[in-house]
Structures are given as structure tokens and as C-alpha cells.
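Residue numbers (our numbering), protein chains in the order written: chain A, 6 to 377; chain B, 5 to 430.
Ideal placement from N, C-alpha and C gives every residue a C-beta, glycine not left out.
None of the values given here were measured: they were computed from a predicted structure.
Everything below concerns the one structure shown next.
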Amino acid sequence: MNRRALFMRLLVKAAWVRRDRAATALLSIVVVATMATVGLTVYADLEAKLNREFRSFGANLVFTTPSAQIDKKAADEILAQLSANAAADESYRLAPMAYAIAVGPRESRVVIAGTVLGELQELNSFWDSQPLANANGNALLGAKAAAQLSPTGAPFTISFEGKTFEVRPSAIFKSGSEDDSRIFLELTGFTALTSLRADTVLIHAQASPQVIHAKIDRLKAAFPGAEVKPVRAVTETQATVLGKTRAVVLAASLIVVVLIVLCMVATLTGSVLERRKDFAVMKALGASNSAVNLLFAGEASVVATAGGLTGFILGSAIAWWIGQANFGSAILPRPLLLAPVMLGSIALALVACSAPLRLLRGIQPAVILRGE
Amino acid sequence: MFARLLFESFRRQRRRKAFALLAIALGMALSTAMISVATDIGDKVTRELRALNTNLVLTPMEAGLDVTIGANTFKPAGEEKAFIPESDLPRLKGIFWGNNIVGFAPFLFAQQIFFRPAGPVTARLIGTYFDQPYGKANEKTGVRSVNSFWHVEGEWPADAGFNGSFGALAGVSLAHKTGLRPGDTLEVGDGKAKLRITGILTTGGVEDDAIVAPLHMVQQVLGKPGAVDRVAVSARTKPEDAFARRDPNSMSPEMHDRWYCSPYANSIAFQIHEALPAVQVEQVRQVEQNQGKVLSRISGLMLLLTIAALLATALAVSAVMAGTVIERRQEVGLMKSLGAGNGLVATLFLTEAGLLAIIGGGAGFAGGVFLARYIGQSVFNSPIVVAPVVLAVVIFAALMVAFAGSTGAVRKAMRFDPAVVLRGDA
Numbered sequence: 006m007n008r009r010a011l012f013m014r015l016l017v018k019a020a021w022v023r024r025d026r027a028a029t030a031l032l033s034i035v036v037v038a039t040m041a042t043v044g045l046t047v048y049a050d051l052e053a054k055l056n057r058e059f060r061s062f063g064a065n066l067v068f069t070t071p072s073a074q075i076d077k078k079a080a081d082e083i084l085a086q087l088s089a090n091a092a093a094d095e096s097y098r099l100a101p102m103a104y105a106i107a108v109g110p111r112e113s114r115v116v117i118a119g120t121v122l123g124e125l126q127e128l129n130s131f132w133d134s135q136p137l138a139n140a141n142g143n144a145l146l147g148a149k150a151a152a153q154l155s156p157t158g159a160p161f162t163i164s165f166e167g168k169t170f171e172v173r174p175s176a177i178f179k180s181g182s183e184d185d186s187r188i189f190l191e192l193t194g195f196t197a198l199t200s201l202r203a204d205t206v207l208i209h210a211q212a213s214p215q216v217i218h219a220k221i222d223r224l225k226a227a228f229p230g231a232e233v234k235p236v237r238a239v240t241e242t243q244a245t246v247l248g249k250t251r252a253v254v255l256a257a258s259l260i261v262v263v264l265i266v267l268c269m270v271a272t273l274t275g276s277v278l279e280r281r282k283d284f285a286v287m288k289a290l291g292a293s294n295s296a297v298n299l300l301f302a303g304e305a306s307v308v309a310t311a312g313g314l315t316g317f318i319l320g321s322a323i324a325w326w327i328g329q330a331n332f333g334s335a336i337l338p339r340p341l342l343l344a345p346v347m348l349g350s351i352a353l354a355l356v357a358c359s360a361p362l363r364l365l366r367g368i369q370p371a372v373i374l375r376g377e
Numbered sequence: 005m006f007a008r009l010l011f012e013s014f015r016r017q018r019r020r021k022a023f024a025l026l027a028i029a030l031g032m033a034l035s036t037a038m039i040s041v042a043t044d045i046g047d048k049v050t051r052e053l054r055a056l057n058t059n060l061v062l063t064p065m066e067a068g069l070d071v072t073i074g075a076n077t078f079k080p081a082g083e084e085k086a087f088i089p090e091s092d093l094p095r096l097k098g099i100f101w102g103n104n105i106v107g108f109a110p111f112l113f114a115q116q117i118f119f120r121p122a123g124p125v126t127a128r129l130i131g132t133y134f135d136q137p138y139g140k141a142n143e144k145t146g147v148r149s150v151n152s153f154w155h156v157e158g159e160w161p162a163d164a165g166f167n168g169s170f171g172a173l174a175g176v177s178l179a180h181k182t183g184l185r186p187g188d189t190l191e192v193g194d195g196k197a198k199l200r201i202t203g204i205l206t207t208g209g210v211e212d213d214a215i216v217a218p219l220h221m222v223q224q225v226l227g228k229p230g231a232v233d234r235v236a237v238s239a240r241t242k243p244e245d246a247f248a249r250r251d252p253n254s255m256s257p258e259m260h261d262r263w264y265c266s267p268y269a270n271s272i273a274f275q276i277h278e279a280l281p282a283v284q285v286e287q288v289r290q291v292e293q294n295q296g297k298v299l300s301r302i303s304g305l306m307l308l309l310t311i312a313a314l315l316a317t318a319l320a321v322s323a324v325m326a327g328t329v330i331e332r333r334q335e336v337g338l339m340k341s342l343g344a345g346n347g348l349v350a351t352l353f354l355t356e357a358g359l360l361a362i363i364g365g366g367a368g369f370a371g372g373v374f375l376a377r378y379i380g381q382s383v384f385n386s387p388i389v390v391a392p393v394v395l396a397v398v399i400f401a402a403l404m405v406a407f408a409g410s411t412g413a414v415r416k417a418m419r420f421d422p423a424v425v426l427r428g429d430a
């Protein structure tokens, strides 16, 4: 039997004969690799997942232009600046807005707004809307406006500089902002009544705070004279929530991984120390220090490779499940993490077995074999 | 004899016991920290958000429609307008959930002409508290503590004036249009007051086109002492659930009590309305509605991560325990060959495991308290407090995990023939 065959045989036998011991070491590595994969995968995808949750906070950018000429074409241009693939990109929503003051029933003054109602409702999904049964509804009525002008939601007439318009509310909504005092109409009807065009666009960009700021610069460059502002109440909330959550997940994952690693190093070190008799027999039979080191390192590497791979697969599956269970969409595995996880596992196993070996090298084999 | 066996086992196998103890302590420290972080994170993030944004708005009951577009208000000057008396505001802290009222900021709005050497400026004047002491306890409140998303370049003004001159903020869009800069002085209200711009304000809202000044100065300029148009309140609330969405008027008296005693946004709104009957309270749905959703996602995430970490810990610790028993097969063989029954051997090993679990669990809990504090301090600038009940949970978990790990291994060790084990062939 040549040296190589003997080495392989020792490796296989060590794992096979002491199955319990090999299983414990394997389990240790699997647990470490799994938790590291879960932590890193979740952390990497957290921002995208949380940004999606901010969809329902409504507009986070306001675009205003002094020329007051935002039509369908201009809106498409804005969208094209925001996203390279605007038609298919769900990340950006926008609603053009125009405001005017009309006269309602009993000579009361009321703010009317022209917009694309469907888009605005999508954008402001936090509105508490009560649908009404009006045929061909053409307006959304704020709760305060409704209380003053049409408590039951029945159609009523408003006028603007002599022209009149019949408002048929399709819903009454509550927002807790000044929108509650307003009537929202389709932009076409609004322009026919007031001859005003939209001068403001409310935009929701589903992106991280940094990307939102980059988009602002881009819009400013593309539309000279226009003003583009972040809605700080929303963007700052998003930045805070994201920052804090990422920090907590990172800190927690770090602590979990570090403690589990320590725990595992203790286990692995212990299991090597338990094998001091193997070590002594090998030495007594004339094995060199390097041959023994190689053997132990070889064992550790085999176990760590198997454990790291299993842990990566298991960890990716757990992260996928966390995404599915908590965010309703899977957190996809990151193949890029495979190499660091595997290398980390192997390094960990080598570190764990090198310390006790150094300790044993200082002791005479005979002492160990006598059991002292 | 049993006690002696136990004692000697700890005394003679210090290294082995130390490894097991270390593993249990690390695992339980991790569990303590994760459980505490997961249970406290919702509260911590809520606190952060409450300093950022207000979630309830108070307006006078009789007020008609808000005829406002951007920073411009279009209301005929003669129209009678209702105000909230400023002197009523300290009552906000007197409601049942008064401690959950983080702070508030009153606002008074008026269109004004400001005079300066470079020519007059017409803009909206907004009066508010920046950091004003109020009430008997002289607590401070204002936009600086409840609207911390307001960004000021320059300095925040003081609430009190000096010799008829007051500090004020100029909105960023207004400053851009009119060239106002920090240090500029303006006269307002026919020379009734002088304003010195101390900073440029960016909010992304109507304040960007306005001048924001101390409330008492604005009241004086308008000749309306003690008048407030609207109050923004920041209250720590419990996220809305199915119970909170029910109509309080249709609840039975017991249910109504339960609702009243829960810090939902609508029950706090109800209590504010009880304390200030002439006031209408609205929830800012954009904040109130969505925050709950985001918070539940974050808490859910931490919960799942915690469960994963706890499972990992359980596996790790039971592997260690199993390992320590497996290595002691010869001891089991020796005890059995000397006539010990399976029951006695199992009792000895499990007692050892129990002792290790209790000591390790206790030490781990102490470490976990420290870790949780550290995370809280570094991320939220306030420590995460660990509930004492976690100690019980952690010790119980440590016992369960240690027993689970040892039992299988002990049973396996006892299955072997003592002679075979002692010969070293097993």
C-alpha cells in the first residue's frame, strides 16, 4: 500500500469507524454555514424587500414646472428619465396634478384637483376609500369636502368662471391631510372646465434613498427650470427604517455567527483532543509531525467542505422561506456567497484542529498512551 | 455516593465540562440577545419614527373647508375662522395615554408681506414651536423634536425674541426665488416685529415656500394672542389590528373599555377629543396606516431570524452534549460492570447535564443582557432592556437542549456490552 492509498484509507476509516464523532463535527460546520448563509442572504436582500413596503407611503418625489404644460407626452418623458424600461417597470408610479379653486353648492369655495384618478388611487393606496354607487363616477371626494358639499355622495354641481361641471363622486376617502378638503377630477374634465394644465407630478420611486437622490439629479438635468423635491417626511422615514433595520439585522447576524462559531470551535477542538490516542499511536509508529498534521487537516477539510455545502443549501432554503413567510416574495439564493461560506467553513475547521494539535505535539506519545 | 460521583466528575473532567459549559453559555447568550432584540425592535423603531413624524392632526371643530393650494391659502379675509386655544394644549398630556404623547407642534398660518431693503416679499408666515417649554413641568416640545425630518441649513431659531426681534427660518424654495439668506432681516406686520433669518428650511412640503417663525410672534403680528390653527401630535400607537378597526360605538361596555385602554391611534384620538371637545382629531393615514405594516414586517423578520438562530443554537448545544457523553462510553461500561443499573447511569448523566445547563444558562443570560444592551446602544442610542422572564425561558431552553442532546447518547452508550466498551472495541 503506497502512502497515498494509506492516507486516503486513514481518512475514510476515521470518518467511518467513529461515525458519531464525524457526525458531530459535520453538524457543527453545517450549523455555522447555515446561519452565516441565512444572515448574509437576508441582509443582502433586505433593502429591496423593505423598499417595496414603502410603496404604500405614496409619493416620495414632487416634480413641478413653471411652464404648466405636463401632458401625456411630458409624463412619459419623466418616466423615461426615471427608468430605462418604463413600460414594464413597476417601480415608478406618477400622477400629474393641477389645482384650482371652484365654487361649490351654497357659494362655498373648494379646491379642485385634476389628475389621472386611477394612478392617484394607486399612488395613495393608504387612503381609506368608501366606494359609492354613482353611475359613471367622475370624481374622488375628500371626507371633509363630502361633509360640507354632499354628505351622501350624491352628484352636485361646481362652477369655475361661469362654466359648470357635474361632480359624480365614485368614492369618498379619508387621508388625514389637506386632500380631505379637495375634490379630485379626471385631468381632461378639469382642463375642459378651468383651461389649466397640470404643473405638478407626484412620483413614487420604489428605490433606496440614495437611488432616489440620484433620480432627482437626473430629472433636474433633463428638465431645466423644473423643481424636483423629495418629500422628506417619506424619504427620511424610509431612510431611518432601512438604516436601523439593516444595522440590527447585521448586528444580530454577526453575533449569531460569531457565537455559533465559538461554540463550534469548542466542539471541534474537544473532538480533536479526544483523539489524542490516535495521535499518539501514529507518532509511536513513526509518523512525522507533518504527516499527522496533514491527516488531521485533511479530515477537517473533507468534513468542512461537505458541511459548508450542506449549510449553504440549507441556509439559502431558510432565507427563501423567511422571504416567502414575511415579505410574501422569496429571498433568492446568492451563488456569490457560496465561495466565502465554503472557504470560511474550511478555515474555521482548520483553525479549530490546529490549536489542540500544537498542544499535543508537546507531549510524549508514551505519556498519552499510558493514559496519564 | 451519587453526590460524590457527580462532584468528582466535575472536578476531574474540567476541560470537558468547560467546553460544554462554554457551548451552553454562548448559545444561551445568543438566545437571550436575539429574543430581546426581536421583542423590542418594533418599539424601538416606533420611537425613532415618532421623533420623525407626527401621526395625529388637530383642527378646530367648526373650521370650514381648507382652501389651500401649496403655501397659498385662499379664504376671504372677512370670513369668521375658529381657532384652537393654545392654553388648552398642555391638556394633551393629561389624557389616559398621556405618556404616549411624545410631543406636539402647534401651527398658525397667515399670508403676509415681508419688507426688506431689497424689496417686499409676499409669502406664507407659519408660526410654530421650535423647542418651547410648556405646561407646569416646563417640558419642551416643538417641531425640532416631533418633525425631525425638517432639515435646517444654518441655525434653528429660538422661540423667544429679543428686543422685538425674532429668529425665523426661510423655506428653501422661497429663498431660492427671492434670494433670502441667513442673516437677512425682514419687517412684518407694519413694523410690529423684526425677523432675522437664521437658517434655510427644507421639508419637501408647503414649508419650503414659507417663512417659519416662533408662534408667539406670529400671534402678536396677527393680533390673535393664544390662537392656533392646527396642532400636529406625535403619539406612540399600537399598530391597527382587526379590533382597532371596529366601530367603538357598536362595542359592548367591556370591549369599549379594552379599546379605550389600548394605545390605538383612534382610541388616543378619541381621548384627545374628550380632553379638547372643540377640536377635531384626524389620523394622518399615510403615517399611521403604513407604519404598522412596515413595523410588522421588521418584527416578523427578526422573529424568523430568531427562530432560525434558536434552532441553530439548539442543534449546536445538543451536539456538544452528545459529544461529551459519547466520549465517556468507557465510564458507562465501567459503572455498569460494577453493577450500576441503567436508571442510575442515566440519572447521573442527566444531573450533570442539568447542572451544566443551569450554570451555562445563567452565565449566558448575563452575557446576552450585555449583548442586547450593546446592540440597542449602538443602533438606537438607547439600551434594549431584557425582560426578566427571558431568564426563565433561557434556563428552561438550556435544560431541554442539554437533556435532548445527552439522552440519545446515554441510551446509545448503555446499549453496548460493558466488556466490549472496556476493551475499547466499540
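Pro64 (chain B), DSSP secondary structure in three states: Within the second sequence, the letter at position 60 stands for residue 64 (chain B). The three-state reading of DSSP puts Pro64 (chain B) in strand, counting E and B together.
Contact with chain B by Pro235 (chain A), beta-carbon distance below 9 Å: Mapped onto the first sequence, residue 235 (chain A) falls at position 230. A Cβ of chain B is located within less than 9 Å of the beta carbon of Pro235 (chain A).
Thr374 (chain B) versus Asn331 (chain A): straight-line alpha-carbon distance, rounded: Along the second sequence, read from residue 1 onward, the residue named residue 374 (chain B) stands at position 370. Along the first sequence, read from residue 1 onward, the residue named residue 331 (chain A) stands at position 326. The sequence given here places Phe at residue 374 (chain B); Thr does not occur at that position. Their backbone Cα atoms lie some 29 Å apart in a straight line.
N- and C-terminal bounds of the beta strand (DSSP E) containing Phe170 (chain B): Stepping through the second sequence from its first residue, residue 170 (chain B) is reached at position 166. Judged by DSSP secondary structure, Phe170 (chain B) falls within the beta strand (DSSP E) whose first and last residues are 169-175.
Minimum C-alpha distance to Gly103 (chain B) - residue among B:Gly345, B:Ile379, B:Ala406, B:Cys265: Here residue 103 (chain B) refers to the residue found at position 99 of the second sequence. With the sequence shown as reference, residue 103 (chain B) is identified as Asn, and Gly is not the correct amino acid for it. Nearest Cα to Asn103 (chain B) within the set B:Gly345, B:Ile379, B:Ala406, B:Cys265: B:Cys265.
Below-9 Å beta-carbon distance, Thr206 (chain B) vs any chain A residue: Working through the second sequence from its first residue, we reach residue 206 (chain B) at position 202. Under the Cβ criterion of 9 Å, Thr206 (chain B) is counted among the residues facing chain A.
Buried or exposed (CB count within 10 angstroms, at least 16 for buried), Gly119 (chain A): For the purposes of this step, residue 119 (chain A) is taken as residue 114 along the first sequence, with counting starting at 1. The residue in question, Gly119 (chain A), is buried, as its Cβ has 16 or more Cβ neighbours within 10 Å.
Contact belief for Gly372 (chain B) with Ala33 (chain B) at Cβ below 8 Å, rounded distance in angstroms: Here residue 372 (chain B) is taken as the residue at index 368 of the second sequence, counted from 1. Here residue 33 (chain B) is taken as the residue at index 29 of the second sequence, counted from 1. Confirmed, Cβ separation roughly 4 Å.
Simplified DSSP state of Asn294 (chain B), which is helix, strand or coil: Along the second sequence, read from residue 1 onward, the residue named residue 294 (chain B) stands at position 290. In the structure shown, Asn294 (chain B) sits in a helix (DSSP, three-state: H, G or I).
Minimum Cβ-Cβ distance from Leu56 (chain B) to chain A less than 9 Å: By one-based count along the second sequence, residue 56 (chain B) stands at place 52. Yes - at least one Cβ of chain A is within 9 Å of the one on Leu56 (chain B).
Distance CB(Val108 (chain A))-CB(Ser186 (chain A)) smaller than 9 Å: Counting from 1 along the first sequence, the entry for residue 108 (chain A) is found at position 103. Counting from 1 along the first sequence, the entry for residue 186 (chain A) is found at position 181. In this structure, the beta-carbon distance from Val108 (chain A) to Ser186 (chain A) does not fall below 9 Å.
Members of the region 37-53 of chain A near chain B, C-beta cut-off 9 Å: Going along the region 37-53 of chain A in chain order, one finds Val37, Thr39, Met40, Val43, Gly44, Val47, Leu51 with a Cβ nearer than 9 Å to chain B.
Interface flag, Val307 (chain A) vs chain B, CB-CB below 9 Å: The sequence position of residue 307 (chain A) within the first sequence is 302, counting from 1. Look at Val307 (chain A): its C-beta is not under 9 Å from any C-beta on chain B.
Arg419 (chain B), buried or exposed, once every other Cβ within 10 Å from all chains shown has been counted against 16: The residue labelled residue 419 (chain B) in the question sits at position 415 within the second sequence. Exposed.
Val147 (chain B) and Val216 (chain B) closer than 9 Å at C-beta: Here residue 147 (chain B) is taken as the residue at index 143 of the second sequence, counted from 1. Here residue 216 (chain B) is taken as the residue at index 212 of the second sequence, counted from 1. Yes.
Contact between the region 349-362 of chain A and the region 264-281 of chain A (3+ Cβ pairs under 8 Å): Yes: the two stretches touch, three or more of their Cβ pairs being nearer than 8 Å.
Residues of the region 193-216 of chain A with Cβ closer than 7 Å to any Cβ of chain B, in chain order: Under the 7 Å Cβ criterion, the region 193-216 of chain A contributes no residue.
C-beta atoms of Asp50 (chain A) and Gly328 (chain A) nearer than 9 Å: Within the first sequence, numbered from 1, the residue matching residue 50 (chain A) stands at position 45. Within the first sequence, numbered from 1, the residue matching residue 328 (chain A) stands at position 323. For the pair Asp50 (chain A) and Gly328 (chain A), the CB atoms are nearer than the 9 Å cut-off.
Within 8 Å of chain B by C-beta, residues of the region 249-268 of chain A in sequence order: Correct list: Lys249, Thr250, Ala252, Val253, Val254, Ala256, Ala257, Ser258, Ile260, Val261, Leu264, Ile265, Leu267, Cys268.
Among B:Thr50, B:Asp70, B:Met221, B:Phe100, the one whose alpha carbon lies nearest that of Leu129 (chain B): As a first step, residue 129 (chain B) is located in the second sequence; it is residue number 125 there, counting from the start. The residue with the shortest Cα to Cα distance from Leu129 (chain B) is B:Met221.
Alpha carbon of Ser350 (chain A) to alpha carbon of Ala41 (chain A), nearest angstrom: Taking the first sequence and counting its residues from 1, one reaches residue 350 (chain A) at position 345. Taking the first sequence and counting its residues from 1, one reaches residue 41 (chain A) at position 36. When rounded, the distance between both Cα atoms is 10 Å.
Short Cβ contact (9 Å threshold) for Tyr97 (chain A) with Leu255 (chain A): Walking along the first sequence from the start, residue 97 (chain A) turns up at place 92. Walking along the first sequence from the start, residue 255 (chain A) turns up at place 250. No. Outside cutoff.
Interface partners of Val41 (chain B) on chain A, CB under 7 Å: Here the question's residue 41 (chain B) lines up with position 37 in the second sequence. The contacting residues are Val253, Ala257.
The region 20-32 of chain B / the region 358-369 of chain B touching (three or more Cβ pairs under 8 Å): Under the 8 Å Cβ criterion, the region 20-32 of chain B counts as touching the region 358-369 of chain B, having at least three qualifying pairs.
Residue from B:Arg185, B:Pro89, B:Pro124, B:Thr355 with nearest C-alpha to Phe111 (chain B): Within the second sequence, residue 111 (chain B) is the residue found at index 107, counting from 1. Relative to Phe111 (chain B), the option among B:Arg185, B:Pro89, B:Pro124, B:Thr355 whose CA is nearest is B:Pro89.
In DSSP terms, what Lys198 (chain B) is bridged to: Locating residue 198 (chain B) in the second sequence gives position 194, where the first residue counts as 1. Partner(s): B:Ser169, B:Glu191.
Neighbour-count burial assignment, Val424 (chain B), 16 or more Cβ in a 10 Å radius: Taking the second sequence and counting its residues from 1, the one referred to as residue 424 (chain B) is at position 420. Exposed is the label assigned to Val424 (chain B), since fewer than 16 other Cβ atoms lie within 10 Å of its Cβ.
Cross-chain neighbours of His277 (chain B) in chain A, by beta carbon under 8 Å: Taking the first residue of the second sequence as position 1, residue 277 (chain B) is located at position 273. When 8 Å is used as the limit between beta carbons, His277 (chain B) is near no residue of chain A, the shortest such separation being about 15 Å.
Reference Glu183 (chain A), options A:Gly147, A:Ser200, A:Ala79, closest by Cα: Reading the first sequence from its first residue, position 178 is the one you call residue 183 (chain A). When each option's Cα is compared against that of Glu183 (chain A), the closest is A:Gly147.
Cross-strand partners of Val225 (chain B) (DSSP beta bridge): As a working note, residue 225 (chain B) is residue 221 in the second sequence. According to DSSP, which records beta bridges pairwise, Val225 (chain B) is partnered with nothing at all.
Residue from A:Ala80, A:Gly44, A:Ala10, A:Asn56 with nearest C-alpha to Leu224 (chain A): In the first sequence, counting from the first residue as 1, residue 224 (chain A) sits at position 219. Taking each of A:Ala80, A:Gly44, A:Ala10, A:Asn56 in turn and checking the Cα distance to Leu224 (chain A), the smallest one comes out for A:Ala80.
Nearest to Pro345 (chain A) (by Cα), restricted to the options A:Phe317, A:Leu337, A:Trp325: The residue you call residue 345 (chain A) lines up with position 340 of the first sequence. It is A:Phe317 whose Cα lies nearest to the Cα of Pro345 (chain A).
Sequence-distant residues of the same chain with beta carbon closer than 7 Å to Leu125 (chain A), five excluded per side: Along the first sequence, read from residue 1 onward, the residue named residue 125 (chain A) stands at position 120. Around Leu125 (chain A): Ala100, Phe189.
Residues near Lys196 (chain B) in its chain [Cβ-Cβ closer than 6 Å; skip 5 each side]: To locate residue 196 (chain B), count along the second sequence from 1; it is residue 192. These residues qualify, in order along the chain: Val225.
Arg337 (chain A) - DSSP class collapsed to helix/strand/coil: In the first sequence, counting from the first residue as 1, residue 337 (chain A) sits at position 332. Strictly speaking, residue 337 (chain A) in this sequence is Leu, with Arg absent from that position. Taken through DSSP and simplified to helix, strand or coil, Leu337 (chain A) comes out as coil.
Under 9 Å between C-beta atoms of Glu278 (chain B) and Thr241 (chain B): As a position in the second sequence, residue 278 (chain B) is number 274, starting the count at 1. As a position in the second sequence, residue 241 (chain B) is number 237, starting the count at 1. Their beta carbons are not under 9 Å apart, which means Glu278 (chain B) does not touch Thr241 (chain B) by this criterion.
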